[in-house]
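Asks: Could you have a look at this structure, given as structure tokens, before my questions?
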Amino acid sequence: MDSLALRLRRGIGAFVAVALIAAALVVVPQPASAAVTAPPGFSVVKVATVASPTAIANLVDGRMLISSRRGQVYLFENGALRAAPVLDLSARVCSDSERGVIGLAGDTDPTTGAVFVFYTAKGTDAACPTNAAGGPAPAGAPTGRISRFSMRADGTVDPASETILLDGILSPAGYHNGGDLFVGSDGYLYATTGDGGCDYRGGVGDPGGSGCGGANDAARDLNILNGKILRITRAGGIRPDNPYLGANTQPCTAAPAPAGRTCQEIFATGLRNPFRFAFDPGAATTSFRINDVGQDAWEEIDQGLKGADYGWNQREGLCALTGSEADCGGPQAAGLTGPIHAYGHSTGCTSITGAAYVPRGLWPAAYDGAYLFADYVCGRIRSLSATGAVSDLVTGLGASSAVAMTFGGSEASRGLYFTTYAGGGAVYRLTYTGSVNRAPVAVLAATPTSGSSPLAVRLTAAGSSDPDGDALTYRWTFGDGTPTKVTSTPSTSHTFPRGSWTASLKVVDAKGTYSAPATVRITSGNHAPTPIILQPAERATFVAGQTYTLSGRATDVENGELPGSSLSWTIVRRHAGHTHPLLGPVTGASVSFVAPGPEDLAAAGDSDLLVSLTASDAKGLTSTTTRVFTPQRVEVTFATSPSGRLVTINGTPYTAPVTLSAWAGSALQVAVPAQSDADGALYEFISWSDGGAAAHTITTPLAATTYTATLTRKGRLPTAPASVTAAQSGAGSATLRWSPPSSPGDSPITGYRVSRDGVDSSGAGPWSYVLSADRRDFTFTKLVAGQAYTLSVQAVSSVGTGPAGSAVVSIAP
2 MDSLALRLRR GIGAFVAVAL IAAALVVVPQ PASAAVTAPP GFSVVKVATV ASPTAIANLV
62 DGRMLISSRR GQVYLFENGA LRAAPVLDLS ARVCSDSERG VIGLAGDTDP TTGAVFVFYT
122 AKGTDAACPT NAAGGPAPAG APTGRISRFS MRADGTVDPA SETILLDGIL SPAGYHNGGD
182 LFVGSDGYLY ATTGDGGCDY RGGVGDPGGS GCGGANDAAR DLNILNGKIL RITRAGGIRP
242 DNPYLGANTQ PCTAAPAPAG RTCQEIFATG LRNPFRFAFD PGAATTSFRI NDVGQDAWEE
302 IDQGLKGADY GWNQREGLCA LTGSEADCGG PQAAGLTGPI HAYGHSTGCT SITGAAYVPR
362 GLWPAAYDGA YLFADYVCGR IRSLSATGAV SDLVTGLGAS SAVAMTFGGS EASRGLYFTT
422 YAGGGAVYRL TYTGSVNRAP VAVLAATPTS GSSPLAVRLT AAGSSDPDGD ALTYRWTFGD
482 GTPTKVTSTP STSHTFPRGS WTASLKVVDA KGTYSAPATV RITSGNHAPT PIILQPAERA
542 TFVAGQTYTL SGRATDVENG ELPGSSLSWT IVRRHAGHTH PLLGPVTGAS VSFVAPGPED
602 LAAAGDSDLL VSLTASDAKG LTSTTTRVFT PQRVEVTFAT SPSGRLVTIN GTPYTAPVTL
662 SAWAGSALQV AVPAQSDADG ALYEFISWSD GGAAAHTITT PLAATTYTAT LTRKGRLPTA
722 PASVTAAQSG AGSATLRWSP PSSPGDSPIT GYRVSRDGVD SSGAGPWSYV LSADRRDFTF
782 TKLVAGQAYT LSVQAVSSVG TGPAGSAVVS IAP
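Read in order, the letters of the sequence shown correspond to residues 2 to 814 in the working numbering.
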């Protein structure tokens, strides 16, 4: 989700899953677990297993492509997944954190065979470095890349056919990559990009840098492609009516533009992590909505509009960026486009992900044209109707769910397909079946699943259910040639001879309808290996930014000590019931990694790392052990002198003193904003106790520490001048008049600043000038006939410049 759930949420973006499945597998469609619920007449079934499935794309012939974050792309055809990937980019891809193959699109022209892929391409440093601690983007860091490939007649995709359309999309922190792709009905390729998590220029102490999380303003920089909606031709060119063309613009095909210039690929801006979007298939013109993953308070859905600025990092959801759902802040800047729908984190749903429009005529009329959106954390798919009504469609998916969605499949298997990271990764299909009797759900577990021969195993169907509430009968098939066993109770036992067997369960409801089979693999005569994690040690803690080495070993009853090539490591970052991938799978007895910071400051108190070591024996039998690696948490206090003044930490304002929990070694962006007290008196920053500037980056120390900002009270400003008028006083001139303000504040008035907007006859733009304190009027010259000007005056004192009094004058010929 500051990682996607993001969080993808803070990550969403970004993502999940302890990846224990080494490759995608073809599976028989299986009903989802009993906890998953859908409205009457709807059915949810599992149709495929794919490790960390990130995206689904429709092809014009009804087949679908499904990507694994690790670099593989699979083909779903005739209701099943082809076992081998049709494209493998793993050698070109950085798949750490939320990076990897993150977006897919098929060409709408059936003659081209083109497939578009959004992936994180390795840079000059094959180690895929990040700046997750808040520093500038490291040298050799990977970047986001959008490429076009050609599909062969046999359904495979030629890796040598790659044509790079866009490159240099920054991925400084590894998360907030966005990454969705779609070819609109207008024939142009659209893409979403995230803000990179942390500013590519570094923290607030770095030149031009703004920090991470809510402090990251990269989405507002028009010279980069991050935090944007992009629109290009399918050959990578610029559409002639894109909103940013003309002077000081350029294509950003391979890299960002220089500061002060604008990338012509930009369609809209001001997005945090627009993880997924969806296009309305029933619209007369290209129409789409964007799911933008929020920070601390709101998730939002935006209408795709040319030239729109959705406001990140100045706003989140319906409010200014306050970090609070309850506090919407003050007035928001003009010119920002608000969401069409937003929901707060108090709902328990905190990371908006998958998106899809319901095709008209596929489901009951109440769903025609509805917009479906999913939440990765609370495991729901919801429906937003044309009237704005929101209702649950699918619930109970659990955390790390509904990553991507699309309507697809052939007529016999037409429905909503969605991916989930939960359980290693899977693809599900939601279909409308009407009022017919619904099939029951089979759930099968076995203990043990390996051991000496003969192997006595207890099998249980606990969790099996019928959506219509019917009583169930259980049919057990053991795969070893023995007869099927039928019971009325949800458990049985069986002794398996030497070999590897697939046990199967079907449940039957009272009307005679069978479930799809649930299966489990039983190995008799071979013991699963025993992996042992040596480092990190039990209850060990880590410091963000430091390098740690994971080490382990594994023994096996049949094979003895296993080599390092039989060991595989993964690390996920856990927070609030969901996870984000951090490392792996990586092979070896020892693996080094750099410890990250938390997703954001709000997550520091309840996040940790889960290290998993998987061992595989000579026959492919695996076993996994895990260990929690806990961050060293430190209480950091921020105070002010005098007390009660404002500070911002990672972009969130706090009234000092405030004590926050942080991870040792992680970066904190601290700042003292301009501020005044209840009497209107200004305060001026003097110093921080650590010697830093008003805005700078702190590396969280190893022990509890207090940082104090010292300010001085400058006093109250003068009020606005009174009786302000403006009138034309000659050809091309106008005179501004005023009276002294009602209060000079806490210091005598030393002068008046007069100013105007607009452009004068010499081409000069807005202009201001400071007059002496005894002046009560000023004449502006070189004004253009037919133009209206706002003329303003402000009182100036040693405290500062007060508010303006203004008047508008129209210049006659």
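We put the beta carbon where it would ideally sit given N, CA and C, even for glycine.
(1) Assign E636 to one of two classes, buried (16 or more other C-beta atoms within 10 Å of its C-beta) or exposed (fewer than that).
(2) Pull up the distance between the alpha-carbon of I812 and that of A786, whole angstroms please.
(3) With distances taken Cα to Cα, identify the nearest neighbour of G271 among G585, Y189, Y418 and G339.
(4) Given a threshold of 16 other Cβ atoms within 10 Å of its Cβ, counted over all protein chains shown, does A472 qualify as buried or as exposed?
(5) Run the CB neighbour count on D467, radius 10 Å, all protein chains shown included, and call it buried at 16 or more, exposed below.
(6) Name, in chain order, the residues that DSSP records as bridge partners for D89.
(7) Hey, quick one: how far does the beta strand (DSSP E) through E636 stretch, first residue to last?
(8) Chain D beta carbons: is any one of them nearer than 7 Å to that of L718?
(9) On the three-pair Cβ rule with 8 Å, is the segment 141 to 148 touching the segment 107 to 127?
(10) Does DSSP classify S402 as helix, strand or coil?
(11) At which residues does the beta strand (DSSP E) containing T1 begin and terminate?
(12) With a Cβ-Cβ cutoff of 7 Å, do I341 and Q304 count as a contact?
(13) What first and last residue would you give for the beta strand (DSSP E) that runs through S608?
(14) Where T706 and P537 are concerned, what is the direct C-alpha to C-alpha distance, given to the nearest angstrom?
(15) Once the 5 residues before and after A805 are set aside, which same chain residues still bring their CB inside 7 Å of it?
(16) What does a CB cutoff of less than 7 Å around P455 pick up in its chain, not counting 5 residues either side in sequence?
(17) Decide if S492 is buried, meaning its Cβ has at least 16 other Cβ atoms within 10 Å, or exposed.
(18) How many angstroms separate the CA atom of A694 from the CA atom of F630?
(19) Helix, strand or coil for Y120 per DSSP?
(20) Quick check on L322: buried or exposed, where buried means 16 or more other Cβ atoms within 10 Å of its Cβ?
(21) For D108, which residues in the same chain have their Cβ closer than 8 Å to its Cβ, ignoring the five residues on either side in sequence?
(22) Considering only residues of the same chain and omitting the five flanking positions on each side of G578, which have a CB-CB separation below 7 Å?
(23) State the start and end residues of the unbroken beta strand (DSSP E) segment that holds F278.
(24) If you follow the beta strand (DSSP E) that T474 is in, where does it begin and where does it stop?
(25) Kindly indicate the opening and closing residues of the beta strand (DSSP E) around L817.
(26) Answer with buried or exposed for K123, where buried requires no fewer than 16 other C-beta atoms within 10 angstroms of its C-beta.
(27) Taking three-plus beta-carbon pairs below 8 Å as touching, is the segment 565 to 581 in contact with the segment 609 to 626?
(28) How about T194 and G179: do their beta carbons lie closer than 7 Å?
(29) List the residues that DSSP assigns as beta-bridge partners of E78.
(30) Could you check whether G362 and G42 sit closer than 7 Å to each other, using their CB atoms as the reference points?
(31) Tell me where the beta strand (DSSP E) around Q304 begins and ends.
(32) Can the beta-carbon of A256 be found closer than 7 Å to that of A309?
(33) Name the DSSP bridge partner or partners of S44?
(34) Using the C-alpha atoms, what's the distance from L712 back to S688?
(35) State yes or no: is the C-beta of D218 within less than 7 Å of the C-beta of N314?
(36) From what residue to what residue does the beta strand (DSSP E) around T323 run?
Replies: Quick answer:
(1) exposed
(2) 5 Å
(3) Comparing alpha-carbon positions, the option among G585, Y189, Y418 and G339 lying closest to G271 turns out to be G339.
(4) If you draw a 10 Å sphere on the C-beta of A472, you find fewer than 16 other C-beta atoms in it, and that means exposed.
(5) buried
(6) Q73
(7) Per DSSP, the continuous beta strand (DSSP E) segment holding E636 begins and ends at R634 to S642.
(8) The question asks about chain D, but that chain is absent: this structure has only one protein chain.
(9) yes
(10) The answer is coil: DSSP assigns S402 none of H, G, I, E or B.
(11) No answer is possible for residue 1: the residues shown for the chain start at 2 and end at 814.
(12) yes
(13) Counting along the chain, S608 sits inside the beta strand (DSSP E) bounded by residues S608 to S617.
(14) 27 Å
(15) A721, S793, V794 and Q795
(16) T496, F497, P498 and S525
(17) With fewer than 16 neighbouring CB atoms inside 10 Å of its own CB, S492 falls in the exposed class.
(18) 34 Å
(19) In this structure, Y120 counts as strand in the three-state DSSP scheme.
(20) buried
(21) Once the five neighbours on either side are set aside, the close Cβ partners of D108 are V61, G114, A115, V116, F117, V184 and R235.
(22) So the qualifying residues of the chain are V378 and A400.
(23) P275 to F280
(24) T474 to T478
(25) The shown model of the chain, from 2 to 814, leaves out residue 817, and the question about it has no answer.
(26) buried
(27) Verdict: yes, contact present.
(28) yes
(29) Paired residues: A81.
(30) The answer is no: Cβ separation not under 7 Å.
(31) W299 to Q304
(32) no
(33) For S44, which the question treats as bridged, DSSP gives the partners T432.
(34) When rounded, the distance between both Cα atoms is 7 Å.
(35) yes
(36) First-last for T323: undefined, no H or E at that position.
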